[in-house]
Amino acid sequence: MTGPRTVLIGAGVVGAALADELSVRGWDDITVVDQGPLPATGGSSSHAPGLAFQANPSKTMTQMARYTIEKMGRLEAAGQPCFLPVGGLELATTPERLTELHRRLGWLTAWGVKGRIIRPEECVAQWPLLDPDAVLGGLLVPTDGVIKSVRAVDAQLRLAQARGVRCQPQTEVLDIRMDGDRVAAVVTDRGEIPADVVVCCAGIWGPRIARLAGMALPLTPLAHQLAWTGQVPALAGQAEEIVRPILRHQDADLYFRERFDVLGVGNYRHRPLPLSPDDIVSIDAAQVMPSVLPFTEDDFAEAWAETRRLLPATRDVKVEDAINGLFSFTPDGMPLMGQSAAVEGFWVAEAVWVTHSAGVARAMAEWLVDGCCSSFDLHECDVNRFEPHHLAPDYVVARDCQNYVEVYDIIHPLQPMEAPRPLRASPFYEREQQLGAFFLEGNGWERPHWYAANAGLVPGRDIPVPNPWAARYWSPIVGAEAQATREAVALYDMTALKRVEVSGRGAVDFLHRLTTGDVAKSVGSVTYCLLLDEDGGIRSDITVARLDRDEFQVGCNGNLDLDWFRRHLPGDGSVIIRDITPGTCCIGVWGPLARAVVQPLTDGDFSNQGFRYFRGKRAYIGTVPVTALRLSYVGELGWELYTTADMGRKLWDTLWAAGQEHGIIAGGRAAFNSLRLEKGYRSFGADMTFEHDPYEAGLGFAVKMGKGDFIGRAALELRAASVSRRLTCLTIDDPTAVVMGKEPVYDAQRCVGYVTSAAYGYTIGKGIAYAWLPAELAAPGQELDIGYFDQRIRAVVVEEPLFDPGMERLRG
Ligand SMILES: Cc1cc2nc3c(=O)[nH]c(=O)nc-3n(C[C@H](O)[C@H](O)[C@H](O)COP(=O)(O)OP(=O)(O)OC[C@H]3O[C@@H](n4cnc5c(N)ncnc54)[C@H](O)[C@@H]3O)c2cc1C
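Start counting at 1 in the sequence shown, then tack on 1, and there's your number in the numbering used here.
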């Protein structure tokens, strides 16, 4: 046998696709169990209308959809196609939506899928049933279409069975048997199946199955309305199942598809209808199937009125058949993929649409077989991305319901969640409120974006007003805070940055093996380095401060870093990992006058000689014990000052009082972002992800190949020689033309890359955009265009960093 004993729980589109993808990679001891009959098991896949639209702000989701569509296009079940390639049409009935469609086309283009904006007449030509007066335009994507999900299950299971995969329908999983902290078997009503690897592909039942392995899945089944009309006279005699593009009318939260001479109408415009996974009825008790609830007609009234308005041909027809069908929602709208943090061998592939099913399965198969996924960047999908509060049942239901409501909304990249807030607040929160902080939310933290108290700094400064979209969640105060930081000194609340303590006699070796840096330096050293996958992809960029012989403080990007550390712990107890974020806080005190503020307050030597750049030490600031690290993401002299949460407010007050004579201000995230881009500092998740290696991301300096072996080193040796794309700095002369990230970049008419992070640089007086570009277009002086809604913005490749390349400010 090749591969471990593997059991897939669930034979919907996800389980079936995974059986295929795993078996094609050579695993040959796989059993698929499902409580229902095959191929229509009674889960969500059994009644999904299968519309597959590829447009998505997430590159990964678009790529997964594209892969799924391409694969389905090659598959058949009983001679019938699994994919109906009719294209997709998203309509605009309001000017705001038409503008939004341009943004969505930008994502598609950036992620490599073709589409075009079409005029109202062409929308009507594509869909003659449309009221011509209702439509302002549309986004047409020729490669979208319908996935026949039951056929997709059938076809992929047959392929898998031909390779020896066993399918056990009508077999209910009752328990997961463990051997210590690893899976040992799946217990079913037909006996036990020994297993080394179990993958939960149980859709809306996922939380029930995961609980058997002690895992909390932040997933809520929500009922979603799908209605089929009676015969529409205008479609009478239609011989093909579907000829017109699948249709979205997002202004009214509706979608449509044909089925011969009737129309399917999907409706998200109704109150959220969550159901506890424990309340899903059994197959025997279900009237239709367990994932189908009775239709609540009142919830459909608005949708039906709007359908009749948009499609006058439906005015004389009735709804003949309708359901409230259940499917999964998550707090951030992304799938849940990966291995349990606590139980070895227990994996999940959950909250996946039909649209992305084969892509998710491919990613899972690569991850399981090869140890990491090389086809897609999974940092947004990994089930271990969540913080503890994300798993609180109240939070999960509230967020999942809100995501249902917002599924078709126009969401600004900075738009924060409205509830539940506030959740996490730093010890400086009250002081920030007193300064009139405008808070946005990140990972549960209330984060000041700018402070109304700084409004007085604006008059007399040259602070251009950006275009209206970029001007949302913006104030001229942002520019004033950025400039004031470079002129004098500012406090930045850095508490939201994840901090992990790594300690014990094995700590040095452990960090040496996990990171690209040389961390075995003297006590007091600080090292910027990377965590890599086995294939050399960047998992994170981190700052490792050696505070004692066997004690390190590591500045990370999020929970995935913590999870990565825990997975690689030696089994002998020689390394201890502790997330110290909640119990500590951090202020960045930065600017040319930072030393003038801090030195008089401390017993420590904070002179340039006594406290060098990229060094750390413990000291007192007044009465507050701090760990001080001489670093700055804004590119100015200064320190990150860490203390325990109880002393946080005292630290703020001490610095604030001492800073008055130096013109100290509090600075927000928006100024921070502008300053870090002027300095060329990358942000993981936006600028680089799992799919990029250090050399192409401009982070080769953080890799010490000479230090000995580390995770990803072997793969890097191969990658270093072949950099074909580069993370590149562009500037924009037009001061109003501020872009936001994820926009396509064009060389003449050809899309050649996409923007990662962007902001206006208030010191350099230009717009800044970092973008992934082919290496041959990444040379300074290269002129390109950024696609911004329906405009093209001229940009030019420049040398980086834009500010203080000699590092005089930081080292001064
Ligand atoms: C009305 C409606 C319309 C939709 N429209 C679309 C659309 O147009 N496009 C799109 O992409 N997506 C759509 N979706 C979403 C999509 O249907 C689902 O996200 C997808 O089908 C989920 O697939 P799955 O394999 O994860 O889950 P499922 O298909 O639900 O499969 C899970 C399987 O697990 C089995 N199982 C559960 N518990 C046990 C147990 N204890 N023992 C054994 N087996 C068990 C179940 O029987 C089931 O077969 C729609 C959903 C609904 C409800």
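All C-beta atoms, glycine included, are put in the ideal place defined by N, C-alpha and C.
Heavy atom of ligand 1 within 7 Å of residue i beta-carbon
| i | result |
| --- | --- |
| residue 10 | yes |
| residue 15 | yes |
| residue 50 | yes |
| residue 59 | no |
| residue 157 | no |
| residue 91 | no |
| residue 36 | yes |
| residue 225 | yes |
| residue 202 | yes |
| residue 360 | no |
| residue 353 | yes |
| residue 210 | yes |
| residue 199 | no |
| residue 704 | no |
| residue 44 | yes |
| residue 330 | no |
| residue 292 | yes |
| residue 327 | yes |
| residue 721 | no |
| residue 768 | no |
| residue 205 | yes |
| residue 173 | yes |
| residue 356 | yes |
Helix, strand or coil at residue i [DSSP, three-state]
| i | result |
| --- | --- |
| residue 380 | coil |
| residue 229 | strand |
| residue 284 | coil |
| residue 562 | helix |
| residue 179 | strand |
| residue 444 | coil |
| residue 720 | helix |
| residue 250 | strand |
| residue 429 | coil |
| residue 374 | coil |
| residue 202 | coil |
| residue 479 | helix |
| residue 674 | helix |
| residue 210 | helix |
| residue 647 | helix |
| residue 690 | coil |
| residue 621 | strand |
C-beta contact flag for residue i and residue j at 8 Å
| i | j | result |
| --- | --- | --- |
| residue 349 | residue 218 | yes |
| residue 263 | residue 229 | yes |
| residue 642 | residue 623 | no |
| residue 1 | residue 406 | The question about residue 1 has no answer, for the chain in this structure spans 2 to 813. |
| residue 521 | residue 509 | yes |
| residue 573 | residue 342 | no |
| residue 329 | residue 461 | no |
| residue 551 | residue 476 | no |
| residue 677 | residue 638 | no |
| residue 531 | residue 369 | no |
Inter-residue CB distance, residue i and residue j (contact presumed, cutoff 8 Å)
| i | j | result |
| --- | --- | --- |
| residue 56 | residue 108 | 6 Å |
| residue 556 | residue 544 | 4 Å |
| residue 796 | residue 786 | 7 Å |
| residue 33 | residue 154 | The pair is not a contact, with the Cβ atoms about 10 Å apart (cut-off 8 Å). |
| residue 758 | residue 483 | With a Cβ gap of about 15 Å, residue 758 and residue 483 do not count as contacting. |
| residue 764 | residue 679 | 6 Å |
| residue 89 | residue 243 | Not quite, the Cβ-Cβ distance comes to about 12 Å (not below 8 Å), so this is no contact. |
| residue 687 | residue 742 | 6 Å |
| residue 333 | residue 427 | Going by Cβ atoms, the distance from residue 333 to residue 427 rounds to 22 Å, so no, they are not a contact pair. |
| residue 653 | residue 440 | Contact flag wrong, Cβ pair sits at about 16 Å. |
| residue 27 | residue 4 | 6 Å |
| residue 772 | residue 746 | 5 Å |
Quick check for students: name the residue ranges of the beta strand (DSSP E) that lie wholly in the stretch 309 to 363, counting only runs of 3 or more. Correct list: 320 to 330, 337 to 340 and 347 to 351.
Taking only runs of the beta strand (DSSP E) that begin and end inside the stretch 729 to 805, which ones reach a length of at least 3 residues, in chain order? Segments of the beta strand (DSSP E) lying fully in the stretch 729 to 805: 745 to 748, 751 to 762, 767 to 775, 784 to 789 and 792 to 798.
Segments assigned beta strand (DSSP E), at least 3 residues, entirely inside the stretch 558 to 611: Counting only runs of 3 or more, we get 577 to 580 and 585 to 591.
Every unbroken beta strand (DSSP E) inside the stretch 108 to 187 [3 residues or more]: As far as the stretch 108 to 187 is concerned, its whole beta strand (DSSP E) runs of at least 3 residues are 117 to 119, 138 to 142, 146 to 148, 167 to 169 and 174 to 180.
Counting only runs of 3+ residues fully inside the stretch 40 to 107, write out the beta strand (DSSP E) ranges in chain order. If we require 3 residues or more, the beta strand (DSSP E) runs fully inside the stretch 40 to 107 come out as 89 to 93.
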